[in-house]
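*Asks:*
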Amino acid sequence: MTKISRRGFVKTAALAPLALTPFSISQQAPKEDRFDIVVAGAGHNSMIAAAYLAKAGYRCLLLEGRPIVGGGVKTAQLTLKGFKDDVCSTAHTFLLDNPMIKNDELKLGDYGLEYVDPDPIFHIPFADGTYLTQWRDLDRTYSEFAKFSKKDAAAYRKMLAEFDAIKPILMGTSFTPIGFGKPLNDQLAQQPRGKLWQRRLAMSAWEIIRDTFEEEHCRTFILYMSHLAAEPPDAPMTGRLAYGTARQQHSGRPFPKGGSGVLTQALARFIEAHNGVLLTNKWVKRLMIESGKWENAWAWNAAMVVLIVRRRRWSRRFTSSIWWTWPLANCGARISSRVWTPGRRNMRCS
Ligand SMILES: Cc1cc2nc3c(=O)[nH]c(=O)nc-3n(C[C@H](O)[C@H](O)[C@H](O)COP(=O)(O)OP(=O)(O)OC[C@H]3O[C@@H](n4cnc5c(N)ncnc54)[C@H](O)[C@@H]3O)c2cc1C
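Each residue of the sequence shown is one higher than the last, beginning at 7 in the working numbering.
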């Protein structure tokens, strides 16, 4: 394997003491200061990328600026002593459709990851004392909508059936790297009802919800799920978000046993087990490039994930693995840039 020398850069990182490592991150300095890949920031997206790289035999160094790895996907004591909170992410609905979990590609169960699948899926109490609950059982959920409107209950059933029919295409493109498959629009164009779906995806979530449901509680319930992506649901092109409730009808809202952060904890263990090194309290201030130019570099939104590798042929599979992580990254970038900025205080663990 080609060795990359970034002596000054890595040595400094390796020798500085670690201040706080609540998860099982190595406290030791790396045995040798040579890595194939340096990753700036250890959010779950960069950790997944690094895990695949490590699995492929590349030696990875992850430098995380905060005291805990995981970015928005971590669990820490933020309130009362003895209570653990998910810092941002809780439910891993979308991630479970990702081949990493779906096909158990990294076998993260061996590193402590186990999912809990709650039923009911979602419960919303309204200000007037009523409530609507989504259960895994469709008929039971249908009855919940029917409490408010039989017509809307039927509309929900129809929405679900329509979404189920198109779901393989929507999910398939979500987890296909750009350039490795037909774009969504092209695929939809070949479907019998493809034009309808192209139109729906171009509309706003609110337009779809307003046209599909008539009763206020039912509309609010579906709209709430759309809003969870932190996109204004009346913005054009958010139509897909109207189907958030339908999407989780079958997949639920699973979360890791022990909290959302158990995912990144498991990834950290995986990376370490594959000869990688994770260092916390290491803000990357600049990137040093030996040859004076970038080679095979990616830059990712919120995570500021930059992968640096020397001349190397990237296999199709390897590149795919990286891109499979994009949906959450995309979501996080928007959230963290517009609504919530993690502060040092939020992140501290006692
Ligand atoms: C309130 C809230 C609730 C959410 N709920 C859910 C949910 O239930 N389900 C869900 O799927 N998603 C949820 N999300 C979204 C999810 O948390 C994000 O999509 C995810 O955290 C993004 O991951 P990331 O790896 O791309 O970036 P981040 O999690 O932002 O990680 C980036 C990491 O890089 C580090 N870093 C940045 N710059 C540097 C640097 N220069 N040097 C060193 N380190 C650096 C940061 O400290 C951080 O650890 C929620 C988000 C928020 C804010």
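Backbone N, C-alpha and C fix where the C-beta goes; we use that ideal spot for every residue, glycine too.
Mapping the DSSP letters down to three states, classify Y64 as helix, strand or coil.
*Replies:* Residue mapping note: residue 64 aligns to position 58 of the sequence shown, counting from 1. Coil at Y64, not helix or strand.
*Asks:* Could you tell me whether the Cβ atoms of Y117 and P262 are closer together than 8 Å?
*Replies:* The count along the sequence shown starts at 1 and reaches residue 117 at position 111. The count along the sequence shown starts at 1 and reaches residue 262 at position 256. No, the Cβ-Cβ distance between Y117 and P262 is not below 8 Å.
*Asks:* When we look at the beta-carbon of W212 and count the other beta-carbons within 10 Å, is it buried (16 or more) or exposed?
*Replies:* Reading the sequence shown from its first residue, position 206 is the one you call residue 212. Buried, since its Cβ has 16 or more Cβ neighbours within 10 Å.
*Asks:* For A167 and E111, what's the separation of their Cα atoms in angstroms?
*Replies:* On the sequence shown, residue 167 is found 161 positions in, with the first residue counted as 1. On the sequence shown, residue 111 is found 105 positions in, with the first residue counted as 1. The alpha-carbon atoms of A167 and E111 are separated by roughly 30 Å.
*Asks:* Quick check: E221 and D158, are their CB atoms within less than 8 Å of each other?
*Replies:* Numbered from its first residue, the sequence shown carries residue 221 at position 215. Numbered from its first residue, the sequence shown carries residue 158 at position 152. Their beta carbons are under 8 Å apart, which means E221 touches D158 by this criterion.
*Asks:* By how many angstroms is the C-alpha of G282 removed from the C-alpha of E47?
*Replies:* Within the sequence shown, numbered from 1, the residue matching residue 47 stands at position 41. Within the sequence shown, numbered from 1, the residue matching residue 282 stands at position 276. The amino acid at residue 47 is misidentified as Glu; the sequence shows Gly. Cα to Cα, G47 sits roughly 14 Å from G282.
*Asks:* Could you say which of H50, K173, H280 lies nearest to L269 if we only look at CA atoms?
*Replies:* Translated into positions along the sequence shown, residue 269 becomes position 263. Selected option, being the one with the closest Cα: H50.
*Asks:* Closer than 7 Å: is that where the CB of E70 sits relative to any heavy atom of ligand 1?
*Replies:* Sequence index remark: in the sequence shown, residue 70 carries index 64 (1-based). Yes - ligand 1 has a heavy atom lying nearer than 7 Å to the Cβ of E70.
*Asks:* Can you tell me which of the three DSSP states H280 falls into?
*Replies:* Translated into the one-based positions of the sequence shown, residue 280 becomes position 274. Three-state result, H280: coil.
*Asks:* Quick one: what does DSSP say A82 is sitting in, helix, strand or coil?
*Replies:* For the purposes of this step, residue 82 is taken as residue 76 along the sequence shown, with counting starting at 1. Three-state DSSP puts A82 in a strand.
*Asks:* Considering only the beta carbon of each residue, do A252 and M177 sit closer than 8 Å?
*Replies:* For the purposes of this step, residue 252 is identified with residue 246 of the sequence shown, where counting begins at 1. For the purposes of this step, residue 177 is identified with residue 171 of the sequence shown, where counting begins at 1. Their beta carbons are not under 8 Å apart, which means A252 does not touch M177 by this criterion.
*Asks:* Give a single yes or no on whether C66 has its beta carbon closer than 7 Å to a heavy atom of ligand 1.
*Replies:* Working through the sequence shown from its first residue, we reach residue 66 at position 60. False, no ligand heavy atom lies under 7 Å from that Cβ.
*Asks:* At a cut-off of 7 Å, would you count H50 as near ligand 1, judging by its Cβ distance to the nearest heavy atom?
*Replies:* Position 44 of the sequence shown, counted from the first residue, corresponds to residue 50. Yes, the Cβ of H50 comes within 7 Å of a heavy atom of ligand 1.
*Asks:* Beta carbon of K288: closer than 7 Å to some heavy atom of ligand 1?
*Replies:* Start at 1 with the first residue of the sequence shown, and residue 288 comes out as number 282. Result yes, Cβ under 7 Å from ligand 1.
*Asks:* Three Cβ pairs or more, each shorter than 8 Å: is that satisfied between the region 124–131 and the region 139–153?
*Replies:* Enough Cβ pairs lie closer than 8 Å, so yes.
*Asks:* Between A97 and ligand 1, is the CB less than 7 Å from at least one heavy atom?
*Replies:* Sequence index remark: in the sequence shown, residue 97 carries index 91 (1-based). Yes, ligand 1 has a heavy atom inside 7 Å of this Cβ.
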